[in-house]
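Below is one structure, written out as structure tokens, with a few remarks after it.
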Amino acid sequence: MTSDLPPWTVYIIRASDNSLYTGITTDMARRFQQHLEGAGAKYFHAGRRPEQVVYLEQLEDRSAASKREAHIKRLSRQEKLALCRLESKQ
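Going by our numbering, the sequence shown opens with residue 122, and the numbers climb by one from there.
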């Protein structure tokens, strides 16, 4: 059975200070705009601005996306960068 609901996306955004932010959404364009406007995560409130989406991974439901997000957040910066490089090659 297929779902009519939009897939969940795990994403990584490179910030203006070159840090990496990981989150989940069902609408990447809307979520990135929220981050730009300061209406998203507090991570982007204190002078840190979202610069570029560097990683996207679609999953079938919120549970899977949340688990994947938690896994990615536990990775080191170098491991996250390697994940982004793998994604850009595909």
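Just so you know, even glycine gets a beta-carbon here, dropped at the ideal spot from N, CA and C.
Note that the structure is predicted; figures quoted are calculated from it, not measured.
CA-CA distance, Ile193 and Val175?
Distance between the alpha carbons of Ile193 and Val175: 13 Å.
According to the Cβ coordinates, are Thr147 and Pro128 closer than 9 Å?
Yes.
Taking the straight line between their C-alpha atoms, what separation do you get for Ala185 and Met149?
When rounded, the separation of the alpha-carbon atoms in Ala185 and Met149 is 17 Å.
Return the chain-ordered list of same chain residues with a C-beta closer than 7 Å to the C-beta of Ser64, the five sequence neighbours on each side being excluded.
The structure shown does not extend to residue 64, since the chain spans only 122 to 211, so no value can be given for it.
Could you spell out the range, first to last residue, of the alpha helix (DSSP H) harbouring Arg151?
That run of the alpha helix (DSSP H) goes 149 to 157.
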